[in-house]
Amino acid sequence: MMTAQQYEESLRKLNFVIYMFGERVANPVDNHIIRPSMNAVAKTYELAHQPEHEDLMTAVSHLSGKRINRFTHIHQSVSDLVKKTKMGRLLGAHTGCCFQRCVGMDALNALSIVTHDIDAKRGTKYNERFLKYLAYVQENDLTCDGAMTDPKGDRSLPPHKQQDPDMYMRVVKEDQEGIVVRGAKAHQTGAVNSHEVIVMPTIAMRQEDSDYAISFALPSDAEGITYIMGRQSCDTRKLEQNLLDTGNPAFGGHEALVIFDDVFVPWDRVFMCREHEFAGPLVEKFASYHRQSYACKSGVGDVLIGAAQTVAEYNGAQKASHIRDKIIEMNHLNETLFCGSLSCAAEGHKEPSGTYCVNTLLANVSKQNVTRFPYEIARLAQDVAGGLMVTLPSAADFQSPQTGQLLEKYYRGNSDVPTESRRRILRLIENLTLGTAAVGYLTESMHGAGSPQAQRIMIARQVNMKLKQRLAKKLCGIED
Ligand code: SF4
Ligand code: FE
310 MMTAQQYEES LRKLNFVIYM FGERVANPVD NHIIRPSMNA VAKTYELAHQ
360 PEHEDLMTAV SHLSGKRINR FTHIHQSVSD LVKKTKMGRL LGAHTGCCFQ
410 RCVGMDALNA LSIVTHDIDA KRGTKYNERF LKYLAYVQEN DLTCDGAMTD
460 PKGDRSLPPH KQQDPDMYMR VVKEDQEGIV VRGAKAHQTG AVNSHEVIVM
510 PTIAMRQEDS DYAISFALPS DAEGITYIMG RQSCDTRKLE QNLLDTGNPA
560 FGGHEALVIF DDVFVPWDRV FMCREHEFAG PLVEKFASYH RQSYACKSGV
610 GDVLIGAAQT VAEYNGAQKA SHIRDKIIEM NHLNETLFCG SLSCAAEGHK
660 EPSGTYCVNT LLANVSKQNV TRFPYEIARL AQDVAGGLMV TLPSAADFQS
710 PQTGQLLEKY YRGNSDVPTE SRRRILRLIE NLTLGTAAVG YLTESMHGAG
760 SPQAQRIMIA RQVNMKLKQR LAKKLCGIED
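Okay, so the sequence shown: first residue is 310 according to the numbering used here, each after it adds one.
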């Protein structure tokens, strides 16, 4: 297993093509805006070496029998699924942001199931190929970006009817050596902190869309791949001298648009090619796993609740009954999120490939809660924090000889607490609910792993309505 330091060094060796603010980023590892997101992934390496976290952060490979980082593991039991949930919460609590590495783990697990299923029906050899690739990922302890979301163009049209045929990732050429792919993947959190990119289709495909039913893996710096970083509110605060105003100076998550411009993929890295009927199942498996993964938001919630309690104490308001009740409500919502992620893991089952998969219905119910509760927790945190959170002058003003003393004087709360501590905790709450981390805590809770409607469709599909009706009718004496 790599250490955090080795992980950082391994990224330096990659030759990424990254653009941000209109310019090429030559050295993403030391870039002030990107670095916090790299630090968050580095935590997944660091904690794996700490004896107290070994049980959650590592596992024994079913391929090699060696101890590996859990982020490269294929779940071999219900207990593995439960540990995955707990690992997500642990890391969310340590970073206060999206630590990005779960998507790759979820992609690997989904592919371990679906490549097996394609082979069983089509007589192909994808699973064998996939397992070789998996062994390589485990052996080198790699971070993989699981890339699913295509730009999608006109949402009312299927891939092959789009005016621009590249709105979904597709095969443009095929020969004995491999395939050539073109398209893009949007909103890829952590893409530039990953060694590998694993591409999957984003929706179920019909026969006419076969060219779009592809899955493959590439080194993230393969020729022809370009990354364009997204903007986040308050992102340029990370460029300031004094980082206090960022709220969470060390950690963050950062999204990129990943463009594949006629990129060659050798056959040994192709895991699906035109088996259109398996695009839907791959999306479903990945989505269910990733919906379980959102236990990370309970970990981030831990940070936000801790911040809300702290600011209440700094404001001298912690004993007010309504403040106490709001903190209880935040905890109730946060633990409800954790319950959902745990329950879909505990109700997991073994797939024909041997991989354990979460309960799909419960994973979707859990993720649906994730699209709501963090917003309510954030609302309560802002309520408890007070308006100063958004009117607080900058760190530079606090340092200025003209204004510093005045601000120190008037922005003091509880007289035992330095004003700087109050500023720090307010900035952290701002970061989580309005700033760069709100991307991960709120918007990603809403749209990551599928927007709310995607879960409602799955809930409708998975629920056994006939059974419920039979139960009701039986009790009141209706005989059909
Ligand atoms: Fe992992 Fe959560 Fe980030 Fe998804 S949003 S990659 S589950 S930390
Ligand atoms: Fe996500």
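Just so it is clear, CB atoms sit at the ideal spot from N, CA and C, and this is done for glycine as well.
Any non-hydrogen atom of ligand 1 closer than 6 Å to residue i Cβ
| i | result |
| --- | --- |
| Gln409 | yes |
| Val489 | no |
| Cys543 | no |
| Cys605 | yes |
| Val748 | no |
| Gly405 | no |
| Ser602 | yes |
| Val412 | yes |
| Gly757 | yes |
Euclidean distance between Cα positions of residue i and residue j
| i | j | result |
| --- | --- | --- |
| Gln764 | Ala349 | 28 Å |
| Ile512 | Thr669 | 17 Å |
| Phe707 | Leu716 | 6 Å |
| Ile343 | Pro337 | 6 Å |
| Ser524 | Gly405 | 32 Å |
| Arg688 | Cys605 | 19 Å |
| Ala429 | Glu584 | 12 Å |
| Ile327 | Leu735 | 33 Å |
| Leu651 | Val391 | 6 Å |
| Gln497 | Arg578 | 20 Å |
| Glu532 | Val572 | 7 Å |
| Asp484 | Ile422 | 27 Å |
| Gln359 | Tyr445 | 24 Å |
| Gly696 | Ile614 | 17 Å |
| Ile738 | His341 | 21 Å |
| Phe595 | Ser602 | 10 Å |
| Arg732 | Arg721 | 9 Å |
| Thr433 | Leu365 | 35 Å |
| Arg379 | Val748 | 25 Å |
| His362 | Leu784 | 50 Å |
| Gly556 | Glu355 | 22 Å |
| Lys676 | Gly713 | 45 Å |
| Ala758 | Asp339 | 29 Å |
| Asp454 | Ala500 | 6 Å |
| Met581 | Glu317 | 31 Å |
With 16 other Cβ atoms within 10 Å as the buried cut-off, status of residue i
| i | result |
| --- | --- |
| Ser408 | The question names Ser, but residue 408 in the sequence shown is Phe. Classification of Phe408: buried, given that the 10 Å Cβ count is 16 or more. |
| Phe330 | exposed |
| Met774 | exposed |
| Lys393 | buried |
| Arg479 | buried |
| Glu788 | exposed |
| Val369 | exposed |
| Leu466 | exposed |
| Lys395 | buried |
| Lys547 | buried |
| Leu599 | One point to set straight first is that residue 599 is His, not Leu, in the sequence displayed. By the neighbour-count rule (16 or more Cβ atoms within 10 Å), His599 is buried. |
| Tyr719 | exposed |
| Pro801 | For residue 801 there is no data in the structure shown, the boundaries of the chain being 310 and 789. |
| Ile427 | buried |
| Ser630 | exposed |
| Met755 | exposed |
| Ala781 | exposed |
| Cys666 | buried |
| Leu776 | exposed |
| Ala793 | As displayed, the chain neither begins before 310 nor continues past 789, which places residue 793 out of reach and without an answer. |
| Thr545 | exposed |
| Asn678 | buried |
| Asp725 | exposed |
| Arg398 | buried |
Closest by C-alpha distance to residue i, when choosing among the options
| i | options | result |
| --- | --- | --- |
| Leu806 | Ala769, Ala456 and Glu448 | With the chain represented from 310 up to 789, any question about residue 806 goes unanswered, as that position is not in the structure. |
| Ala565 | Pro575, Thr535 and Leu553 | Thr535 |
| Phe569 | Arg732, Val481, Lys322 and Ser760 | Val481 |
| Lys322 | Asn436, Asp530 and Thr712 | Asp530 |
| Trp576 | Tyr442, Pro727, Asn551 and Ala416 | Tyr442 |
| Glu549 | Ala704, Gln385 and Ala596 | Ala704 |
| Thr452 | Gly556, Gly786 and Ala313 | Ala313 |
| Lys659 | Arg410, Cys411 and Ala419 | Ala419 |
| Ala559 | Arg464, Ala357 and Lys352 | Lys352 |
| Val609 | Ile507, Ser724 and Gly401 | Gly401 |
| Tyr477 | Glu753, Val508 and Gln691 | Val508 |
| Asp389 | Thr664, Gly757 and Gly713 | Thr664 |
| Glu486 | Ala526, Gln516, Val574 and His425 | Val574 |
Contact test: residue i Cβ vs ligand 3 heavy atom, cutoff 6 Å
| i | result |
| --- | --- |
| Glu753 | Among the ligands modelled here, namely ligand 1 and ligand 2, ligand 3 does not occur. |
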